[in-house]
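Colleague: Mind having a look at this structure? Questions to follow.
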Amino acid sequence: MGSSFVRLTGHFKAGNGTEDFDVWFDVDEELAGGFSESGAPWLIAAIPYGFELGGTIAIERPTDAMLLENTAAFAHVFRRWYKDLKPFEVIADKEIVDPGGEKAFAFFSGGIDSLHTATRYTSLGGTDQVGSVDELLLIWGFDIELDSPSEFAALQKQSEDFAARLGVPLRVMATNIRRPGTFWTNRWGPLCHALGKAACALALEKRYKKAIWAAGYRSDRSVVEGSHPMTDHYLSSSGLAMVYDGADSGRIDKIAFLSRFPWMLEDIHVCWRGASSRNCGKCPKCLRTEIALELTGMMARCNSLPRVSLERIRKAYCGEPAERSYFTEMAEYAKKIGRSDMYMALCESLTRSRHRAPIVNYLSRFEKTPGLWRAGRSIRHMLGA
Numbered sequence: 101m102g103s104s105f106v107r108l109t110g111h112f113k114a115g116n117g118t119e120d121f122d123v124w125f126d127v128d129e130e131l132a133g134g135f136s137e138s139g140a141p142w143l144i145a146a147i148p149y150g151f152e153l154g155g156t157i158a159i160e161r162p163t164d165a166m167l168l169e170n171t172a173a174f175a176h177v178f179r180r181w182y183k184d185l186k187p188f189e190v191i192a193d194k195e196i197v198d199p200g201g202e203k204a205f206a207f208f209s210g211g212i213d214s215l216h217t218a219t220r221y222t223s224l225g226g227t228d229q230v231g232s233v234d235e236l237l238l239i240w241g242f243d244i245e246l247d248s249p250s251e252f253a254a255l256q257k258q259s260e261d262f263a264a265r266l267g268v269p270l271r272v273m274a275t276n277i278r279r280p281g282t283f284w285t286n287r288w289g290p291l292c293h294a295l296g297k298a299a300c301a302l303a304l305e306k307r308y309k310k311a312i313w314a315a316g317y318r319s320d321r322s323v324v325e326g327s328h329p330m331t332d333h334y335l336s337s338s339g340l341a342m343v344y345d346g347a348d349s350g351r352i353d354k355i356a357f358l359s360r361f362p363w364m365l366e367d368i369h370v371c372w373r374g375a376s377s378r379n380c381g382k383c384p385k386c387l388r389t390e391i392a393l394e395l396t397g398m399m400a401r402c403n404s405l406p407r408v409s410l411e412r413i414r415k416a417y418c419g420e421p422a423e424r425s426y427f428t429e430m431a432e433y434a435k436k437i438g439r440s441d442m443y444m445a446l447c448e449s450l451t452r453s454r455h456r457a458p459i460v461n462y463l464s465r466f467e468k469t470p471g472l473w474r475a476g477r478s479i480r481h482m483l484g485a
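End of the sequence shown = 485 in the working numbering, gap-free, step of one.
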């Protein structure tokens, strides 16, 4: 972020005995003219609270009719997927709101998915170019917490270097939308990932007409997650289209594409667990990227992740649907290219994880029980989960 910024703030009254709170979005002065004047970003910001608390969401500003209809459909799908989500009603003055945004942008994080998308929307994509963007947008408050300014500054510098080589300017937004202790943090991946991006995009709906973000999975391997090809388009409004990009490509496909530009893989940032500009090298996201880099022969190009061992792959726990999807994709590719060592290690991980999953899921209950959560977590870690 620059030294001077402008803030867009929404005041939330919980109405359930909890304290009122503010949600805000900060941008440099150059972008502030694009701030929304409608209820759109606040509707998106309120949806996880509706899922968590039920009741009524009342928006005090005119809200786009298409967005109201789309988010109702979004909520129907997620309540079908997650039975614990509560129904809620939205009350707002319905209008057809077209704020007149003219630019297209892509969300950027420095990881494999966002690099793949950003490149395909610039001339560097060559014959694989599928469109164009005017800007890239990096969010402070998603992967890196707001109390880590030096870490975010390092990530911003890396991202600016990437953007410069792509020939597209990088813009930055900071937001506190991921409030601790709420679905915004507790269920970020499974529920709120796309909602967070949509809220940030709609906060600048007078600037943008198209927001593009990268698919996390190939469409035939999609799992129930907060960003999904079935649901993300339901976050579009009359004036701002949300585009889920690259769903025909898996992790291996994307790295193979990026291998045309080896410099892109030198300092990739894929990790959220360390909440820093560096990768921890140990979490599931780091591990699956290390495996994919090894299988595509690009590990030597990457300076920001360690080389993975077969023993670590064998012991890795991939019991969650998302991890099973990635490991299955990589096992199939390892078999296809004749990497029998990697294939056997990945298959062993899948088999061991399938056997351990019932125990891990049972122990997960104890992590929510006062006095027992440490024991449950310790046993899970002993099982490699």
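The beta-carbon is built from N, C-alpha and C at its ideal position, and this holds for glycine as well.
(1) If you reduce the DSSP assignment to three classes, tell me which class Y344 lands in.
(2) Classify A165 as helix, strand or coil using the three-state DSSP reduction.
(3) So, is the C-beta of E420 closer than 9 Å to a C-beta in chain D?
(4) Would you mind working out which of G316, K436, G296 and E448 sits nearest A422, comparing C-alpha positions?
(5) Please tell me whether L365 and L335 are closer than 9 Å, where the distance is taken between their beta carbons.
(6) What residue range is occupied by the uninterrupted alpha helix (DSSP H) comprising R271?
(7) Kindly indicate the opening and closing residues of the beta strand (DSSP E) around F105.
(8) Write down the C-beta distance between M273 and C292 rounded to the nearest angstrom, noting that I regard them as a contact closer than 8 Å.
(9) Out of P290, E235, I459 and G134, point me to the one whose CA is closest to V324's CA.
(10) In its own chain, which residues sit with a C-beta less than 6 Å from the C-beta of P199, not counting the 5 before and 5 after it?
(11) Helix, strand or coil, according to DSSP, for F252 in the structure here?
(12) Please report the distance separating the alpha-carbon of L270 from that of I191.
(13) So what does DSSP say about W240, is it helix, strand or coil?
(14) Under the three-state reduction of DSSP, which class applies to D441: helix, strand or coil?
(15) Return the residue from the list L237, Y433, G296 and L450 that minimises the CA-CA distance to V123.
(16) On the criterion of 16 or more Cβ atoms from any shown chain inside 10 Å, does H328 qualify as buried, or is it exposed?
(17) Taking C-beta to C-beta, are V268 and A311 nearer than 9 Å?
(18) Per DSSP, what are the beta-bridge partners of V190 in this structure?
(19) Consult DSSP for V460 and reduce its assignment to one of helix, strand or coil.
(20) According to DSSP, what are the bridge partners of E202?
(21) Could you check if G241 is buried or exposed, using at least 16 other CB atoms within 10 Å of its CB as the buried criterion?
(22) Quick one: grab the DSSP three-state call for W363.
(23) As a quick exercise: from N403, C380 and V370, pick the residue whose alpha carbon is nearest that of I212.
(24) Could you tell me if A114 is buried or exposed, where buried requires 16 or more neighbouring beta carbons within 10 angstroms of its beta carbon?
(25) For the alpha helix (DSSP H) that contains F427, what are its first and last residues?
(26) Where does G346 land, buried or exposed, given buried means 16+ other C-beta within 10 angstroms?
(27) For F125, list the residues DSSP reports as bridge partners.
(28) What is the DSSP secondary structure of L472, counted as helix, strand or coil?
(29) Give the straight-line distance between the Cα atoms of T282 and Y149, rounded to the nearest whole angstrom.
(30) Who are the near neighbours of G225 in its chain, counting only those whose CB is closer than 6 Å to its CB and skipping five residues on each side?
Modeller: This is what the structure gives:
(1) Of the three classes helix, strand and coil, the one that applies to Y344 here is strand, per DSSP.
(2) A165 sits in a helix when the DSSP states are folded into three classes.
(3) Among the chains of the structure shown, chain D does not appear; only one protein chain is present.
(4) Ranking G316, K436, G296 and E448 by CA distance to the CA of A422 puts G316 first.
(5) Not closer than 9 Å, so no.
(6) Bounds of any alpha helix (DSSP H) do not take in R271; it lies within the beta strand (DSSP E) bounded by L270 to T275.
(7) F105 to F112 is the extent of the beta strand (DSSP E) around F105.
(8) In this structure M273 does not touch C292 by the C-beta definition: roughly 17 Å separates them, more than the 8 Å allowed.
(9) Per the Cα distances, P290.
(10) E305, K306 and G339, listed in sequence order.
(11) In the structure shown, F252 adopts helical secondary structure according to DSSP, grouped into three states.
(12) The alpha-carbon atoms of L270 and I191 are separated by roughly 36 Å.
(13) Reduced to three states, the DSSP call for W240 is strand.
(14) Per DSSP, reduced to three states, the secondary structure at D441 is helical.
(15) Minimum Cα distance to V123 is reached at G296.
(16) Buried: at least 16 other Cβ atoms inside 10 Å.
(17) The answer is no: Cβ separation not under 9 Å.
(18) Bridge pairing for V190: I157 [DSSP].
(19) In the structure shown, V460 adopts helical secondary structure according to DSSP, grouped into three states.
(20) In DSSP, E202 forms no bridge with anything.
(21) Per the 10 Å Cβ criterion, buried.
(22) Correct three-state label for W363: helix.
(23) Checked all of N403, C380 and V370; the closest Cα to I212 is V370.
(24) Exposed.
(25) It spans P421 to K436 - the alpha helix (DSSP H) in which F427 sits, taken as one unbroken run.
(26) By the 10 Å Cβ count, G346 comes out buried.
(27) In the DSSP output, where bridge partners are listed per residue, F125 has L108 and T275.
(28) Note that L472 scores a pLDDT of 45, beneath 50, so its modelled location is shaky and nothing firm can be said.
(29) Looking at the two C-alpha atoms, the distance is approximately 8 Å.
(30) Cβ within range, chain order: T219.
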